[in-house]
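One structure is given here, and the rest of the page talks about it.
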Amino acid sequence: MDSNNSAPPLQQLLDQWGNPQGVLAILLLLGGDVVQKALAQTSGGTITPVCFSFGWAGYSIKALSSLTGDGRLLPEPDHHVKVYNLETGYVRENKNWVIGRLVRDNIIHLDNAKPLGNEALRISIYDAQPDTNNNAAFAGHDNALSSAIATTLLQLAVAYKPIHTTGDWTALTTLAAGTALALLTGSLPQWRAEKLACRRNSNKLIALTAGNGSRDIMLIRGNGHCLDLEDLATPELPRSARMWESLALSWLTHTTKDPNTGKPVHRALTVFGVPLGFGITVAATALQSLCWLALLVSVAGVRSNNWSLIAIGGLGMVQNLVVAGARRDPAMHGIPLKHVETIVSAKVMDGLMDVEVGYKNAGYALLEEFFPGYLRADETAWWDGETAAYDGKRMGQKEWRGVPRSVGVEVSEVGRDEMGEVEVGETKAAEKSDEEQEKSSEEEDKSSEGEEKSSEGEEKSSEEEETSFEEEKKPGIEGEAGEKKEKIEGEGEGEGAVKSRGGKKRGGKKGKKNPPRGLQVASSGYFDVLANAE
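The number in our numbering is simply the position in the sequence shown, starting from 1, with 598 added.
Next up, the structure:
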């Protein structure tokens, strides 16, 4: 009979905690999702800074299962984002991990730098910068790499202790095998292919936002340097040759001439109709899964120094958790950006109008997303180019709504804080607006005086006509005079009607073939009736 089974329960419990057995095999199967997200954060470069930890065996089985389905290694995005092309107005639901993390990290950065508070909308504008590393430095030299190096050194120190005390090298061997398999998994070219599954050097003006109800919008001006985020939002499947052609690796593609244009193009190398890169991923993942299972069986049979193995796996799991949830610079995702400014507004409509003034079509393209229903009369008029009514209301509440940019506020005159946010206060634009209001009131006084004079002239002409009617008794002459009078009155009414309508027609911004649905309905129906009734 086994002496451990005959020992009292308390002694068995103390023995298990003194040297836990059978636990490592279970721990290696837990935490596969954490490992996948850590790889998604840092993979794509030469070295992936993700340490050996619990969960790797479970992840290898999950990855192999995914490759039999859609074939992707990257997880589904964990932050909902809509991608707007502000030049065309087209919108796409994001399906790419990188874009979701880009928006999430931007919100975290802005909240830490300057909290939004009770403001309704925050629009951050960025310019894409040239990528001097040609999208090669995904891993980068940031906290992720530093944490991986520090954690690996600690793991080595823990693994060395059993060798020094008892000569047991099991922990060191397990650490070496696990670290090697982790590095090989992160170095698969498909990670890079999925992160760069788009065209390059884009000039598009793109907006990234969670949609209606979100208080953050991220605007990116491509400037000929950015990845095409509209393409990246709906990437090709890894089974498709097109994804690998965009990667343009010499050992996975070959160069040929396009039969139509004669220009050199990259074509993916295929084996039995399957892209070579995807075939390498499937074969490597299957082989690594077998290796992880072999390591799992080996660890399950360890009878001594189990605490060392648990400590090694625990340190790696902490590093994986930190990396999986960490905020990374956009350049670490292959999208280097430079902050231009941040527009903060107390009302959503104010923010869209301000960004429209500085960045053409940026606010207009987002109008239907944030205001899918009817607009007020002054809002519709503003988007038609008649900004006076809405801006006048806003100027009356400028203490909490700020000065509208459309009344002539120059950003350089107002100044920005360290985040680029416009500091709204007493500006030259306010003085300019007051002067314009005074001038408009003087013009109204002059126009009213002119109307009074014209009315006096009409009264005199009517008296003269009555005198002539009394002197002239012929009916034919009276009829002609009556017709002239009716004609004059009709012309007067026509002029008055034109003036009362204000000159411009409503119904959408000029030059737009397809205005947003909410704006189109409002401008062609209900508010026009109100305007005519007034």
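C-beta atoms are modelled at their ideal positions from N, C-alpha and C, and glycine is treated no differently. Computed from a predicted model, the values in this text were never measured in an experiment.
Considering only the beta carbon of each residue, do residue i and residue j sit closer than 8 Å?
i, j, result
"Phe650", "Ala780", "yes"
"Ala655", "Leu907", "no"
"Ala963", "Gly687", "yes"
"Ile624", "Ser887", "no"
"Pro675", "Gly698", "yes"
"Glu843", "Thr853", "no"
"Ala742", "Thr640", "yes"
"Leu1138", "Gly932", "One cannot answer for residue 1138 here, as it falls past the ends of the chain, which runs 599 to 1132."
"Asp927", "Asp709", "no"
"Val756", "Ala909", "yes"
"Leu867", "Leu874", "yes"
"Asn821", "Ala636", "no"
"Ala831", "Arg690", "yes"
"Leu845", "Arg790", "yes"
"Arg813", "Ala718", "yes"
"Lys936", "Asp725", "yes"
"Leu950", "Leu973", "no"
"Phe968", "Val942", "no"
"Leu626", "Phe652", "yes"
"Asp829", "Cys796", "yes"
Strictly by DSSP, which residues pair up with residue i?
i, result
"Ser896", "For Ser896, which the question treats as bridged, DSSP gives no partner whatsoever."
"Asp725", "Arg819 and Lys936"
"Pro862", "Lys855"
"Thr777", "For Thr777, which the question treats as bridged, DSSP gives no partner whatsoever."
"Leu719", "Ser943"
"Arg690", "Val681"
"Val872", "Val869"
Using only alpha-carbon positions, find the residue among the options that is nearest to residue i.
i, options, result
"Asn799", "Leu894, Gln727, Val880 and Tyr962", "Gln727"
"Leu700", "His677, Asn683, Ile721 and Ala795", "His677"
"Lys958", "Leu708, Ser1004, Val942 and Val880", "Ser1004"
"Asn801", "Pro787, His823 and Arg813", "His823"
"Pro673", "Asn694, Ile706, Val681 and Val689", "Asn694"
"Ala774", "Leu893, Val955, Gly616 and Val916", "Leu893"
"Ala808", "Gly620, Tyr682 and Ala975", "Tyr682"
"Ile818", "Ala805, Ala718, Trp981 and His864", "Ala805"
"Ala881", "Gln788, Ser902, Thr940 and Thr859", "Gln788"
"Leu980", "Met915, Val1001, Asp948 and Pro607", "For clarity, residue 980 is Trp in the given sequence; the question names Leu instead. The shortest Cα separation from Trp980 among Met915, Val1001, Asp948 and Pro607 belongs to Asp948."
"Met915", "Gln619, Ser745, Ala718 and Asp740", "Ser745"
"Val938", "Gly923, Ser664 and Gly956", "Gly956"
"Thr646", "Leu782, Thr832, Ile815 and Thr985", "Leu782"
"Leu684", "Met816, Gly642 and Ser663", "Met816"
"Gly620", "Gly667, Met841 and Gly899", "Gly899"
"His707", "Trp905, Val869, Thr940 and Cys889", "Thr940"
"Leu786", "Val863, Thr883, Gly971 and Val946", "Thr883"
"Ala987", "Ala975, Gly765, Leu950 and Lys996", "Ala975"
"Pro934", "Thr666, Leu825, Pro1002 and Thr879", "Leu825"
Check the C-beta distance from residue i over to residue j and give it rounded, since I have them as a contact under 8 Å.
i, j, result
"Val953", "Ala944", "Going by Cβ atoms, the distance from Val953 to Ala944 rounds to 14 Å, so no, they are not a contact pair."
"Arg925", "Asp703", "4 Å"
"Asn1204", "Thr777", "The structure shown does not extend to residue 1204, since the chain spans only 599 to 1132, so no value can be given for it."
"Val648", "Gly784", "6 Å"
"Pro833", "Glu792", "7 Å"
Could you confirm whether any beta carbon from chain C is found closer than 8 Å to the beta carbon of residue i?
i, result
"Ala866", "Absent from the structure: chain C. Only one protein chain is present."
Those runs of the alpha helix (DSSP H) which lie wholly inside the stretch 784–839 and span at least 4 residues: The stretch 784–839 contains these whole alpha helix (DSSP H) runs: 787–793 and 827–831.
Any beta strand (DSSP E) of 3 or more consecutive residues that is wholly inside the stretch 939–977: Entirely contained in the stretch 939–977, not one beta strand (DSSP E) run reaches 3 residues.
Continuous alpha helix (DSSP H) assignments of at least 4 residues falling wholly in the stretch 613–644: Listed in chain order, the complete alpha helix (DSSP H) runs (minimum 4 residues) inside the stretch 613–644 are 622–625 and 630–640.
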